[in-house]
Amino acid sequence: MMIEKIKEWFIKNNKLYFATVELTQNCNFNCKHCYCTNKESYNLSLEDHITIVDKLYSTGCLFLNFTGGEIFTCKHFEEIYSYAKNKGFIIDLLTNASLINDKYISLLKKLPPKNIAITIYGVNEIDYENFTGDGANFDKTIHALELLKENKIPFVLRTVATKTLKNSLMNKEFNKLAERFNTRFKYDPIIFPKTTGDLSPLSESLSIKEIIELEKNTQQRKNVWKEQIDLNIEDTEFFWGCRAGINSITIDFKGDAYVCGLYRVNPISIIDNNMEKVMKHLNDIHKRHINIVNNNECSKCKNRKICKWCPAYSYIYNSNDTDKITFFCELAEERVKEFG
């Protein structure tokens, strides 16, 4: 509750409170769905990372989300994380967990993150072989989860609903794994093209029929969609609540700032520019997106309130930030038919 009140203050005053920092695009997995295109990329120096943290701190930003690639492949992770924690940031971590060892356990016990979100890519070696390219990654991940549980470091589990993992999801094997570690689990059925526009990850995307089938298999999902659809038919105006570029930003592995991780267009270097200039640049993009959202063909759609369409999604699917996404349209329509 206290965190929500803090967020409300930042939103009311148009202040930056949340930043996602992509420490690296390097990764020890080779996942079929991955949007990263620079898995052998260079890393910023420790000094550059410290500069980024300091500049975010200067704005009053409070929350950081460290992501990748795989964060634990970043050779300066321990120093960056410790520095940011000691500055007072509230930090979330996104990881595949496979590289967590006793050294990182000691660090996380000494300087606990707010949350660790662990993306899992299956429930056995076969799943991991098929999806990440190496079945041994499963045992590494499970060992890390056991270390975290033994040391009372909380984490949640998540995955992407893909063709490779569909059967394990339908059989609720992921839920059983979460129960084993006494934690929560969620999945997302939306897969993105690569940041270059390469559509190859979409080969793993479930069909609309498969997504609906999966959602029907979970009572909580069914309830949520019924609630959202009931709200959708109320005679109220659609409000786009995204605050990307005002209250939140993303910084990529090169030190370039964007309104969000999906919309990698019109970057501005956070290292080479002062924060006033960076935030003005991102605010201007946000204002343009507000105009698009309020005036494009999707703005009057009867299913607008239950569709995730936004200019960022449009750009990665259509290479422009204005057109509708046919897949999203059809998915929203089928959800109304099934759960409405």
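Here the sequence shown is numbered in this note's numbering, starting from 26 and rising by one per residue.
Ideal Cβ positions, reconstructed from N, Cα and C, are used throughout, including at glycine.
Quiz item: Are the beta-carbon atoms belonging to Leu71 and Thr92 less than 8 Å from one another?
Solution: no
Practice problem: Could you tell me the boundaries of the beta strand (DSSP E) in which Ser273 lies? | Solution: First-last of the beta strand (DSSP E) with Ser273: Ser273 to Ile276.
Exercise. Check the DSSP bridge columns for Glu47 and list the partner residues they point to.
Key: Thr92
Quiz prompt | Short CB-CB distance (under 8 Å) between Lys165 and chain B | solution = Chain labels in this structure do not include chain B; a single protein chain is all it has.
Exercise. Within the same chain, show all residues whose beta-carbon is closer than 6 Å to that of Phe114, passing over the 5 residues directly before and after it, in chain order.
Key: Once the five neighbours on either side are set aside, the close Cβ partners of Phe114 are Leu89.
Practice problem: Report buried or exposed for Lys57, applying the criterion of at least 16 other Cβ atoms within 10 angstroms of its Cβ. | Solution: buried
Quiz prompt | Residue range of the unbroken beta strand (DSSP E) whose run includes Glu329 | solution = The sequence given here places Arg at residue 329; Glu does not occur at that position. Run containing Arg329: none; DSSP gives neither H nor E here.
Exercise. Below 8 Å on the Cβ atoms is my guess for Arg360 versus Trp250; work out the distance and round it to an integer in Å.
Key: 5 Å
Quiz prompt | Nearest candidate by alpha-carbon position, reference Leu182, set Lys174, Thr189 and Lys188 | solution = Lys174
Quiz item: Out of Phe35, Glu262, Cys52 and Glu104, which has the shortest C-alpha to C-alpha gap to Gly158?
Solution: Comparing Cα-Cα distances from Gly158 to each of Phe35, Glu262, Cys52 and Glu104, the minimum goes to Cys52.
Quiz prompt | When His314, Lys247, Val303 and Leu239 are compared against Arg268, the one with the closest alpha-carbon | solution = His314
Quiz item: Hey, quick one: how far does the beta strand (DSSP E) through Lys211 stretch, first residue to last?
Solution: Residues Phe210 to Asp213.
Quiz item: What three-state label does DSSP hand Ile254 in the structure shown?
Solution: Three-state result, Ile254: helix.
Quiz item: Taking the alpha-carbon positions, what's the Tyr42 to Glu33 distance?
Solution: 10 Å
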